[in-house]
Structure formats: structure tokens, C-alpha cells
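Okay, structure first, notes after.
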Amino acid sequence: MILSQVFQTQTTLNDDEVALCQRVFDHVALVKKITADAERQDLASRIIQSYQHGVKDEDSLLRLLIDFR
1 MILSQVFQTQ
11 TTLNDDEVAL
21 CQRVFDHVAL
31 VKKITADAER
41 QDLASRIIQS
51 YQHGVKDEDS
61 LLRLLIDFR
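Listed below in C-alpha cells is the structure:
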């Protein structure tokens with residue numbers, strides 16, 4: 001899911017950055033029980049946006065997105 005969002009937003013992320021975003025995506029989707037495709041795409045977009053705006057620490061991304069209401 002993250003990789004498809006990276007391509008859609010024409011974002012340049014290296015392999016380590018994609019892996020970090022994917023780990024965050026997998027964890028948040030599991031914790032929040034996100035299964036609908038639209039919600040998963042929205043989550044992937046939010047992760048990439050947050051990463052691009054400087055939230056590059058995995059724990060910070062998790063806190064931001066799990067606490068996001």
C-alpha cells in the first residue's frame with residue numbers, strides 16, 4: 001500500500017524510508033483495525049505526508065497516527 005502511494009504522489013523515498021513507512025502503516029492498520037481500501041489509502045497518504053513534513057521518527061509517526069482521531 002505504501003509503495004503504491006509513493007508512486008501516486010511521485011515521492012522519492014529510498015528503500016529504508018519506504019520500509020519505515022510500511023512498518024508504520026502495518027502497525028497502525030492493525031491497531032486501528034483498518035481494512036477498507038479507502039481508509040487504507042488515506043492512512044498511507046497521511047503517513048507519507050507526515051514523513052515529508054518532517055515526522056521521520058518511527059515512534060513519532062506511530063504516536064501521531066494512532067492518536068489521530
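Residue numbers (full-length UniProt numbering): 1 to 69.
By construction, the Cβ of each residue, glycine as well, lies at the ideal position given by its N, Cα and C atoms.
Sequence-distant residues of the same chain with beta carbon closer than 8 angstroms to residue i, five excluded per side
| i | result |
| --- | --- |
| H53 | none |
| L62 | V24, H27 and V28 |
Beta-carbon proximity list for residue i, same chain, < 6 angstroms, skipping 5 on both sides
| i | result |
| --- | --- |
| I47 | C21, V24 and F25 |
Residue i, buried or exposed, once every other Cβ within 10 Å from all chains shown has been counted against 16
| i | result |
| --- | --- |
| A19 | exposed |
| L30 | exposed |
CA nearest to the CA of residue i, picked from the options
| i | options | result |
| --- | --- | --- |
| L13 | D37, A36 and Y51 | Y51 |
| L64 | D16, D37 and K32 | K32 |
| D16 | I66, D67 and D57 | D57 |
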